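For the sequence shown, the positions run 1 to 257 when full-length UniProt numbering is used. First comes the structure, then the notes that go with it.
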Amino acid sequence: MRHQGLLDAVTDGVQRVEDLARELGISPSTVRRGLSELEKAGRVVRTHGGAVPAPAGGELSWSQKGLRNAAAKRRIADRADALVEDDHVVLLDAGSTTTFVAERLARRFGPTVVTAGVGPMTALHDAEGIELIVVGGRVRRPRGSIVGDYAHGVLDRLTADIAFIGADGLVPGRGVNCPSPEIAAAKELQMRSARRVVVVADSTKVGRDDDPYWAVVPGPYGLITDDALDPAALAALEADPSCTPHLVPAAEGTAPE
């Protein structure tokens with residue numbers, strides 16, 4: 001396999017770019033390119049300053065995903081927070097970017113937050129100014145999504161002012177790409193339970209369709225992403241009449257150094 005030596009070094013605990021370059025006798029830029037290819041292959045998870053091995057099961061947890069493009073996700077979360085009024089009922093999907101949104105909302109006083117995610121629940125657990133409602137059901141590991149009939153029972157009886165939906169992939173005109181049919185169903189139900197739908201996803205997710213299942217977005221929606229979109233992805237968003245994109249500045253070198 002390409003970059004096997006690099007993967008072996010990361011697995012053995014050498015995980016910073018500079019240390020990997022020194023260990024393997026190659027340049028830092030070569031290490032970064034190799035780590036990017038290994039991440040696309042699902043073998044490592046990029047972090048600020050290097051990489052860590054990907055989990056054996058292939059699917060990343062919400063906390064592991066939070067290490068990827070973290071600066072861009074924080075800026076996306078800042079923009080999402082600005083859309084929330086103090087009297088809003090906010091629906092937060094599971095995921096790393098929605099967890100960043102929850103961290104911003106934790107500083108607020110007044111909103112009610114309903115979540116089907118362990119990450120947002122954890123971020124808001126001690127937020128005294130937030131009325132926190134956690135839907136019941138089964139926790140789907142490792143991503144921390146709460147799914148099942150109990151969750152459906154809560155969401156069927158809810159109309160939120162705004163829903164922030166995470167995405168493993170988003171294809172304009174097709175929907176949100178999902179790793180399982182129950183995740184797709186849960187996202188669709190959350191989107192139907194809100195007056196306004198906003199997908200929060202960094203630019204690497206736009207155009208991505210690695211998984212076989214889809215959540216169809218029911219009507220017009222917003223997308224908050226970063227401006228590191230490639231031209232084809234940006235053109236596809238602009239051609240989708242259902243999508244209103246909101247671009248935030250990408251962190252310097254959106255892919256982690």
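Quick reminder that beta carbons are idealized off the backbone N, C-alpha and C, glycines included. Source: prediction; values computed, not measured.
Subject >> Where residue 39 falls: helix, strand or coil (DSSP) >> reply: In this structure, residue 39 counts as helix in the three-state DSSP scheme.
Subject >> Buried versus exposed call for residue 80 [16 or more other C-beta atoms within 10 Å across all chains shown] >> reply: Buried, since its Cβ has 16 or more Cβ neighbours within 10 Å.
**OP:** Evaluate residue 157 with the Cβ neighbour count: other Cβ atoms within 10 Å of its Cβ, from every protein chain shown; 16 or more gives buried, anything less gives exposed.
**Re:** Under this definition residue 157 is an exposed residue.
Original post:
Should residue 97 be labelled buried (16 or more other beta-carbon atoms within 10 Å of its own) or exposed?
Top reply: In this structure residue 97 is buried. Its beta-carbon is surrounded by 16 or more other beta-carbon atoms within 10 angstroms.
Original post:
Looking only at its own chain, which residues have a Cβ that is under 7 Å from the Cβ of residue 130, when we skip the five neighbours before and after it?
Top reply: The residues 105, 106, 108, 111, 113, 124, in chain order, have a CB closer than 7 Å to that of residue 130 in the same chain once the five nearest residues on each side in sequence are set aside.
**OP:** Quick one: grab the DSSP three-state call for residue 159.
**Re:** Reduced to three states, the DSSP call for residue 159 is coil.
Original post:
Since residue 70 contacts residue 93 with CB under 8 Å, what's their CB separation in whole angstroms?
Top reply: For a cut-off of 8 Å, the C-beta gap from residue 70 to residue 93 is around 18 Å, too long to register as a contact.
Original post:
What's the gap between the Cα of residue 26 and the Cα of residue 33?
Top reply: Roughly 11 Å between the two C-alpha positions.
**OP:** Could you name the residues of the same chain whose beta carbon sits closer than 6 Å to that of residue 255, not counting the 5 residues immediately before and after it, in chain order?
**Re:** Residue placement at residue 255 cannot be trusted, given a pLDDT of 41 that sits under 50; the coordinates are not used to answer.
Subject >> Boundaries (first-last residue) of the alpha helix (DSSP H) holding residue 122 >> reply: Unbroken alpha helix (DSSP H) run through residue 122: 118-124.
Original post:
What separation, rounded to the nearest whole angstrom, lies between the Cα atoms of residue 22 and residue 35?
Top reply: Straight across, the Cα-Cα distance linking residue 22 with residue 35 is about 15 Å.
Subject >> Range covered by the beta strand (DSSP E) that runs through residue 130 >> reply: Here residue 130 belongs to no beta strand (DSSP E), and DSSP marks it neither H nor E.
Original post:
By a C-beta neighbour count over all protein chains shown, 10 Å radius and 16 as the cutoff for buried, is residue 167 buried or exposed?
Top reply: When all chains shown are included, residue 167 counts as buried.
Original post:
Residues in its own chain within less than 6 Å of residue 77 by CB, not counting five upstream and five downstream?
Top reply: Closer than 6 Å at the Cβ level, and outside the excluded window around residue 77, lie 100, 101, 104.
**OP:** Pair every Cβ in the segment 201-219 with every Cβ in the segment 228-236, then say whether three or more of these pairs are closer than 8 Å.
**Re:** Touching, yes, given that three or more Cβ pairs across the two stretches are closer than 8 Å.
Subject >> Same chain, Cβ closer than 6 Å to residue 19, neighbours up to 5 away in sequence not counted >> reply: Within the same chain, no residue comes within 6 Å of residue 19 by CB-CB distance, once the 5 residues on both sides are set aside.
**OP:** Measure the C-alpha to C-alpha separation of residue 227 and residue 240 and round it to an integer number of angstroms.
**Re:** Residue 227 and residue 240 have their C-alpha atoms some 17 Å from each other.
Subject >> Contacts around residue 8, its chain only, beta-carbon distance under 8 Å, and the 5 residues preceding and following it disregarded >> reply: Around residue 8: no qualifying Cβ.
**OP:** Would you mind giving the Cβ-Cβ distance between residue 83 and residue 160, rounded to the nearest angstrom? I have them listed as a contact below 8 Å.
**Re:** Contact flag wrong, Cβ pair sits at about 12 Å.
**OP:** May I ask you to report which of helix, strand or coil DSSP gives residue 17?
**Re:** Residue 17 carries a helical assignment under DSSP once its states are collapsed to helix, strand and coil.
Original post:
Quick one: Cα of residue 75 to Cα of residue 3, how far?
Top reply: For residue 75 and residue 3, the distance between alpha carbons rounds to 32 Å.
**OP:** Mind checking who residue 246 pairs with in its DSSP beta bridge?
**Re:** Note: residue 246 is bridge-paired with 224 in the DSSP secondary-structure output.
Original post:
Which whole-angstrom value describes the C-beta separation of residue 194 and residue 163, a residue pair presumed to lie in contact below a C-beta threshold of 8 Å?
Top reply: The C-beta separation of residue 194 from residue 163 comes to about 3 Å, placing the pair in contact by the 8 Å criterion.
Original post:
So is residue 62 buried or exposed if we call it buried at 16+ other beta carbons inside 10 Å?
Top reply: With a pLDDT of only 46 at residue 62, under the threshold of 50, the placement of this residue in the model should not be trusted, and no figure is reported.
Subject >> residue 128 to residue 212 span [Cα, whole Å] >> reply: Distance between the alpha carbons of residue 128 and residue 212 is about 40 Å.
**OP:** Report the rounded CA-to-CA distance for residue 198 versus residue 45, giving the unit in angstroms.
**Re:** Distance between the alpha carbons of residue 198 and residue 45 is about 26 Å.
Original post:
What residue from 5, 24, 13 has the CA that sits closest to residue 38's CA?
Top reply: Measuring from the Cα of residue 38, the nearest candidate turns out to be 5.
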